[in-house]
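Here's the structure we're looking at; comments come further down.
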Amino acid sequence: MTDIKLDPIGLEIIFNGLRSVTDETYVALMKSAYSTNIKERHDHSTAIMDPNGRLVVQAVESLPIHIASMSGLMTSLLDKYGHDIREGDIFVANDPHVAGGTHLPDVNMAMPVFIDGELTAFMCNIAHHADIGGMSPGSMAGGMSEIYQEGLRIPVIKLFREGELQQDILDLLLLNVRVPLERRGDYFAQIAACRLGRRRLTEVVATHSLPVVRTAFDEIIRRTEERLRDAINEIPDGVYEFEDVMDGDGLATFDIPIRVRITVEGRRIQFDFAGTSKQVPGNINVTMNATQASVCYSLKALLDPELPSNQGVLDAAEILAEKGTMLNGAFPAPVAARAHTCQRIVDVVLGALAQALPDRVVAAANGANTTAVFAGVDPRSGDGYVYLETLGGGMGARPMKDGKDGVQVHITNTSNLPVEAIETEYPLLVEEYSLVPDSGGAGRYRGGAGLRRVVRPVDHDCSFNGVGERFRHQPWGLFGGKAGASGHFFLREATGKTRRLDDKPSDIVVTPKDAVIVETPGAGGYGAPHERDPEQLADDARSEKFSADYMSTNYHQGKTKRQRT
Amino acid sequence: MGWTIGVDVGGTFTDFYALNEDTGAMRVAKRPSTPDNPAHAILAGLDELAHQHDIDLAQVHRLSHGTTVGTNALIQRRGGRVALITTRGFRDLLEIGRQTRPHMYNLYKDYPPPLVPRQHRFELSERIMAEGQVLQPLTPPAIAAAVAAIRDTNADACAVCLLFAYINPEHERTVAQALRAACPDLNLSLSSEVQPEFREYERFSTTVLNAYMQPIMADYMAKLETSLSESLPAATFGINQSSGGLMSPDSARRFPVRTALSGPAAGAVGAVHVARSAERANVITLDMGGTSADVALIRDYRADVSFNREVASFPIRLPMVDIETVGAGGGSIAWFDRDGLLKVGPTSAGADPGPACYGRDGTDPTVTDANLVLGRLSPDGLLGGAMALNLGLAQRSFVPIASRLGFSVERTAHGVLGITVANMVRAIRTISVERGHDPRQFSLMPFGGAGPLHARDVAASLGIREILVPPAPGIVCAEGLIVSDLKEDFVVSHRTGIEDANLRQIREYATGLSTNAMRWFDAERIPPEGQNLELSLDMRYVGQNFELAVPIMSGAALTPDSIPDAIGLRKRFFDVHETAYGYHNPHDAVEIVNYRLTARGRLHRFEIKKHKPNGVSPQPIGARPVYFSPDASVESKVYERSSLSAGQMIEGPAIIEQLDTTTPVYPGDHASVDAVGNILISLSSES
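This is the structure:
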């Protein structure tokens, strides 16, 4: 191959063209998919990978958790099919243990792009299907102890061979999921996105020539890694440690430590998770790809939010996590609820780097992915329904301002479903959707408040399942900031009495006279409460987000200060 | 008849376009804007039209106005003190929004706090359910408590936002009545009136923005009417809406949020007008000014409309011309990102200090500087020489970047234009390719001061073969205002499955809207021959959460027969789905979510004067070297636009200059002037 040099102008123009390809496929996939997870909550990603399986460009709206599972898929794909990749093939996979996935509902697809007979790239996408089979509808519930229970495991296989749909394989995939017609729509949306991407990438290559585009692939990755290493270089050298504890694994309540030791040496950064819990029986285990994605999210957020997402980011972060621990789960660890743990990895990394980067870190956020699932039979139609929602909570207080109230944080940013949509589609009534009073941790800057949803079934009994994290261990504050409130599930009974449910309640029967109350965790404060600006204190009181009790206990207005250690 | 005047108030200039509908005579004027009271610039401009252009203001029968008063008040947070009444349990909804953050990786960026502080958001005991049934009735004590609370806030506007009010507005109306009685001066915005559609957060947000703009818009309308009624005694006034159509000042007072995109929407209407004059039904517009570029798509002489948009980071759900904005303008600054890649914009040198070549102490290299360095802009300056440009300063501004790249200043400047073009191309791909339209089947219409300078490179990147430069690219927005129709959009939300059993219901909902439209035609005194109705239905597959707007009929009257049967309706949906997503599923159930009826009252009726070729060849006024490629300049003839006439041809390389813009004609390209003064450039086959 000729040695091509690309200047920063030509490269920027090609990069722009490649970003257009991923963004266009991202929108196409979102619009044509069936799953609410994809359409409304945008739980999908699209990317261009190079022939060696390196991530070159990821659609700008892609979820952080997906950054590493694309490369995970490619590693397995190249291992298995290295010499049998043909024009028109489309690969599909989802398994976390053998195919680089992070949990089963995320279905990955890859389509090779040949130009002039030469393998040039892969167009990839990931989409969270609303169901992938397994023990419970939605394939996300807790209570399982091995991956087989979580749904259909798909190793890397060819769904298309040289343009030919493998109908028998598709039949097998669809037979194993609930509402197969809709899932068929999701598969075809993903296939269409692959093909669209192939067409668009071919156009970009036609404009700029193949050797130039190949050089651009290398250059983009190289420059991103350099850019990130430059930023790492600005972190003071040293060893930074932190530990946090999770509430339980979904099967039982017990303390589960996550520990990190970060070593910064010039342009190198290493994350050693030694001391973290062994993998747990419940489904909050994380595969290496998801751990890597969480670490990379943290680095980007702390150092350079506009950093392009590609292999350069993955290459700059060295990660040590022993196989068989919770952050590098071994077969047959269940992993469906890995998002809770990923959120905690971010908190732990931020906590450790607080010492090094006090002006950039934020206090612990709600640290969870609080999940509420209502299921039953709609009395109006006689059809079964499942309504799943993940709720945000408090965002950690920041070095220069309060944490945001009631919002998705870190590795997730999925939207809620409008109350008017919920009540139109499901036999449910939302009585309240609000911020939890007193849930933001006090501080010079206070933590964000958690969310509260009160839901009851209309004219029928429904069942409720929930997954909470930071329901026991509160989100911590930084530099004297106080911890935020933990979350809770409650059942308000017909008598008017309210009783607290388990943190991971399953199959709770709810009658039309009862109501489920979900309260998500708040977030920690930043800086000592006594340093809070009097004007902001007045605002806190005026806004009625905090009770008089809370204000006097935490800010000791007019009283002596009690220092928290 | 007499004169019609379009006035577009922009951030820097207020543009005037006056047209005599009897004689076809046309006059234009430009005044610096007066942001403190935009009416000042308007009066000054009218004065100029009267004294310098001999327009008898007593003969002006209509003034159409595009205004950014509401949007500016929002951006600068100078709107009203707003209070909110909402359903019990949902006080925080406005603050929670969709529980998302605006940037995935930025830990510090938030959506702006709500325009109503929490202590001014009040809950009302009442509840309506999904089908409009009342679960908890509204009681007099509850109303009285809410009214008292609002009165205590001293608010000057109140938004009333109740759940499911789009399907049953009774509770909102009852509360409004009580508020009106108790606080006669209070501005009121009801979610069931501002935008009666489902999805509460977007509806509430739109309603609150409306309330926020109400006091300032009421004030402005009063000032405008007072001052204009003296100078224009015979004129009626129309205010431009974001959907591209006029409303009365009274509607503007009630629904100021509809003016959020008033200016760009006027541009799209003006572009439609130009497209008609040139007989080009499918056009992509590129309106490039000092800080940003707006792109829009016109199909069959219609600007596409979209419904969801953020204005100043607040979501608005209203019909608005589908415009994509990109931070690429003449003042956009070139800079190196952390990975060493060169970027252009979105930071702009603005008007002050402006590009380096303005000589106002700006030192950052901008797009305008690049155009000057490359000889595309005249070293003699802009506005016919009234505004000098300093070539030396422009060249100097590029030296730091050029030396870091190891390039000549010209090559660097050429690269900066290339990046700017790539940014605009991406925006155009969003409104075309991503919506299922092939840009190669469109002409590109550049306007705004900087549009024509970059159109050629944009067209070539998209495979567009023809560029259409309007006669007066600097005032297409003002031109759009005088050709706008009076327009009102009606909407009603009802989920209806598309099957023959529901057909009667579907037709009832649609004709119900038509009854409202007829009432509106009467109120606005639109004669029958000027009336037009367009019905479109938002449809989706059952189980999906994405609706598509499916056009159903357009004509003078909507009767039950104008609505096809279930098979026909499904077929329309499938066609639109096919265009948007490239496939459809013929066996899946389809439902209607919203019914939309647009009523238009035609206000104008005139022809654009066509000129016959006079057989004279165009005469250049000079020549200068121009860089069309990075490394070598070509001596190019310079023409003055005002001297060109119908039928004349110009072969590139050439430069066509006029007061408000400059148009390069590339080597090998071929420009011609049509009978109404448009320049059409066909790209050479090699491009």
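Line order of the protein sequences matches chains A and B.
Letter 439 of the first sequence, counting from 1, is numbered 1262 in this note's numbering, and no numbers are missing.
Letter 530 of the second sequence, counting from 1, is numbered 1620 in this note's numbering, and no numbers are missing.
Note that the Cβ used here is the ideal one computed from N, Cα and C, for glycine as well.
- Rounded to the nearest whole angstrom, the CA to CA distance from A/V883 to A/V850 is 11 Å.
- Residues of chain B whose Cβ lies closer than 8 Å to the Cβ of A/G1073 do not exist, since the nearest Cβ in that chain is about 23 Å away.
- As computed with DSSP, B/K1433 is found in a beta bridge with B/W1425.
- For A/E863, the neighbours in chain B by C-beta distance under 7 Å run, in chain order, N1635.
- As a beta-bridge residue in DSSP terms, A/E941 pairs with A/I938.
- Non-local C-beta neighbours of A/A1317 in its own chain, meaning closer than 8 Å and more than five positions away in sequence, comprise T1334, K1336, D1337, ordered along the chain.
- Around the beta-carbon of B/A1591, fewer than 16 other beta-carbon atoms lie within 10 Å, marking it exposed.
- Counting the other CB atoms within 10 Å of its CB gives B/S1332 a total of 16 or more, which places it among the buried residues.
- Residue-level contact check: A/I836 touches chain B, since one or more beta carbons of chain B fall below 8 Å from its beta carbon.
- In this structure, DSSP gives B/L1174 an extended state, which the three-state scheme calls strand.
- Residue environment for B/H1141: exposed (fewer than 16 other C-beta atoms within 10 angstroms of its C-beta).
- When Cβ-Cβ separations below 8 Å define contact, B/I1186 makes contact with chain A.
- For the segment 1453-1464 of chain B, there are no residues whose beta carbon sits under 8 Å from a beta carbon of chain A.
- Check the Cα spacing between A/F1077 and each of A/G1147, A/A1308, A/K854, A/R1295: the tightest is with A/R1295.
- CA-CA distance, B/T1415 to A/V936, rounds to 32 Å.
- No Cβ of chain B is located within less than 8 Å of the beta carbon of A/S968.
- Taking 8 Å as the cut-off, the beta carbon of B/D1750 is found no closer than this to the beta carbon of B/R1686.
- Nearest to B/S1215 by alpha-carbon distance, out of B/T1586, B/K1661, B/A1232, is B/A1232.
- Just so you know, the alpha carbons of B/L1336 and B/A1356 end up roughly 10 Å apart.
- DSSP places B/K1120 within a strand segment (E or B) once states are collapsed to three.
- Taking all protein chains shown into account, B/V1489 has fewer than 16 neighbouring C-beta atoms within 10 Å of its C-beta and is therefore exposed.
- Listed along chain B, the residues sitting closer than 8 Å to A/L1274 by beta-carbon distance are I1186, Q1189.
- Using a Cβ-Cβ cut-off of 9 Å, B/P1618 is close to nothing in chain A; its nearest Cβ partner there is about 38 Å away.
- For A/L1258, the C-beta contacts it makes with chain B under 8 Å involve D1182, E1185, I1186, in order along the chain.
- Within chain A, not a single residue places a beta-carbon under 9 Å from that of B/M1629; the smallest gap is close to 14 Å.
- At a cut-off of 8 Å between beta carbons, A/D830 contacts chain B.
- In this structure A/M893 is buried. Its beta-carbon is surrounded by 16 or more other beta-carbon atoms within 10 angstroms.
- For the options B/G1160, B/L1659, B/A1550, B/V1582, the alpha carbon positioned closest to that of B/S1281 is the one of B/V1582.
- The C-beta of B/A1446 has 16 or more other C-beta atoms within 10 Å across all chains shown, which makes the residue buried.
- Under the Cβ criterion of 8 Å, A/K903 is not counted among the residues facing chain B.
- In the three-state scheme derived from DSSP, where H, G and I count as helix and E and B as strand, B/Q1634 is classed as coil.
- Boundaries of the alpha helix (DSSP H) around B/L1314: 1290-1321.
- For A/A933, the secondary structure class from DSSP, reduced to helix, strand or coil, is strand.
- As a beta-bridge residue in DSSP terms, B/K1727 pairs with B/A1713, B/A1744.
- Taking C-beta separations shorter than 7 Å and ignoring five residues to either side along the sequence, the partners of A/L1180 in its chain run I1058, L1125, following chain order.
- For A/A1124, the residues of chain B that pass the 9 Å Cβ criterion are M1194, Y1195, N1196, L1197, in the order they occur in the chain.
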